[in-house]
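Quick notes on the structure that follows.
Number of protein chains: 2
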Amino acid sequence: MIGRLNHVAIVVPDIEAAANLYRNTFGATVSAAKDQPAHGVTTVFVRLDNTAIELLHPLGEDSPVARFLERNPSGGVHHVCYEVEDIYAARDKLKADGMRVLGDGEPKIGAHDKPILFLHPKDTNGTLVELEQV
Amino acid sequence: MIGRLNHVAIVVPDIEAAANLYRNTFGATVSAAKDQPAHGVTTVFVRLDNTAIELLHPLGEDSPVARFLERNPSGGVHHVCYEVEDIYAARDKLKADGMRVLGDGEPKIGAHDKPILFLHPKDTNGTLVELEQV
Numbered sequence: 001m002i003g004r005l006n007h008v009a010i011v012v013p014d015i016e017a018a019a020n021l022y023r024n025t026f027g028a029t030v031s032a033a034k035d036q037p038a039h040g041v042t043t044v045f046v047r048l049d050n051t052a053i054e055l056l057h058p059l060g061e062d063s064p065v066a067r068f069l070e071r072n073p074s075g076g077v078h079h080v081c082y083e084v085e086d087i088y089a090a091r092d093k094l095k096a097d098g099m100r101v102l103g104d105g106e107p108k109i110g111a112h113d114k115p116i117l118f119l120h121p122k123d124t125n126g127t128l129v130e131l132e133q134v
Numbered sequence: 001m002i003g004r005l006n007h008v009a010i011v012v013p014d015i016e017a018a019a020n021l022y023r024n025t026f027g028a029t030v031s032a033a034k035d036q037p038a039h040g041v042t043t044v045f046v047r048l049d050n051t052a053i054e055l056l057h058p059l060g061e062d063s064p065v066a067r068f069l070e071r072n073p074s075g076g077v078h079h080v081c082y083e084v085e086d087i088y089a090a091r092d093k094l095k096a097d098g099m100r101v102l103g104d105g106e107p108k109i110g111a112h113d114k115p116i117l118f119l120h121p122k123d124t125n126g127t128l129v130e131l132e133q134v
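Those protein sequences? They're chains S and W, same order as listed. No gaps in the numbering here: position 5 of the first sequence is 5 in full-length UniProt numbering, and each next residue is one more. No gaps in the numbering here: position 38 of the second sequence is 38 in full-length UniProt numbering, and each next residue is one more.
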């Protein structure tokens, strides 16, 4: 079911400092910071040779990553995103296997304009897993 | 400097259950569990199309991941590993930029029989970063 690792998302306390770390110290290809008000985050993409690192910083009052940053003021890995071909088939298989899909169980359109869903981290070794249909 | 994402390492409370999750529910290609006494871990590799997930469970009395599992009993992402061509050149550049290399600063031979080092997570957004020379 799962294909490529689409990205690893890291919440960071200072998005420009984090972008500079990856750009200047690690020598990676790094996008400009982009505010995504609909998703409550500012994002920077680090393009590696085989996948991407998504740097996230809270944006606005109801950011889904604000509490994570409060609990982890230095930042940390927020989630990993695996690609799937058919998000509904994936969801149905996962639910049949007893996995909990977060929210109302319906895929949403994510920050990459693709259908996504998240699995309950208690079902996935304490690791928040995003599935994205590509 | 950094090239591919070699792997994401996830500490898990039950290595066989985690292997079954990735093999049976996620439908990925999953290795057999392997005890690595020299490194204090049991490992399972999940082969994705573009990278790998390394499942880790403590082995023995002095496991480097035992305390992580105590603090995170459900498990969680332990580190991300980026590939570099020259671990000494990478280390010298990182140290010149003020990054802290864990341990005595000398690369060690890791669980994949390649030279590795780890960076202080306070310098890398709360995310433990391993560099591996490939």
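Beta carbons: idealized from backbone N, C-alpha and C, even for Gly. Since this is a predicted model, take the numbers as computed values, not measurements.
Within the stretch 56–75 of chain W, those residues whose Cβ lies closer than 9 Å to any Cβ of chain S are, in chain order, Asn72, Pro73, Ser74 and Gly75. By the rule that beta-carbons nearer than 8 Å mark a contact, Arg23 (chain S) does not touch chain W. Taking a Cβ-Cβ threshold of 7 Å, the residues of chain W close to Thr51 (chain S) are Leu5, Asn50 and Thr51, in chain order. Proximity to Asn24 (chain W) across S:Met99, S:Glu132, S:Pro107 and S:Pro37 peaks at S:Met99, based on C-alpha coordinates. Per the Cβ contact rule, the stretch 78–96 of chain S is in contact with the stretch 5–14 of chain S (3 or more Cβ pairs under 8 Å). Residue environment: Ala90 (chain S) is assigned as buried (16 or more neighbouring CB atoms within 10 Å of its CB, all protein chains considered). Taking a beta-carbon distance threshold of 8 Å, Ile10 (chain W) counts as an interface residue toward chain S. In the displayed model, Leu131 (chain S) falls within a strand according to three-state DSSP. Taking 8 Å as the CB threshold, Gly126 (chain S) lines the interface with chain W. Taking 8 Å as the cut-off, the Cβ atoms of Ala32 (chain S) and Thr42 (chain S) do not count as close. By the criterion of at least three beta-carbon pairs nearer than 8 Å, the stretch 55–70 of chain S is in contact with the stretch 10–20 of chain S.
In the DSSP annotation of this structure, the continuous segment of the alpha helix (DSSP H) that includes Leu69 (chain W) starts and ends at Ala66 to Arg71. Under the DSSP assignment, Tyr82 (chain W) falls in the beta strand (DSSP E) whose first and last residues are Gly76 to Val84. When DSSP states are grouped into helix, strand and coil, Lys122 (chain S) belongs to the helix group.
The C-alpha of Gly105 (chain W) lies about 18 Å from the C-alpha of Met1 (chain W). Neighbours of Ile87 (chain W) in chain S, taken as residues at a C-beta separation under 8 Å, are lacking, since the least C-beta distance is about 14 Å.
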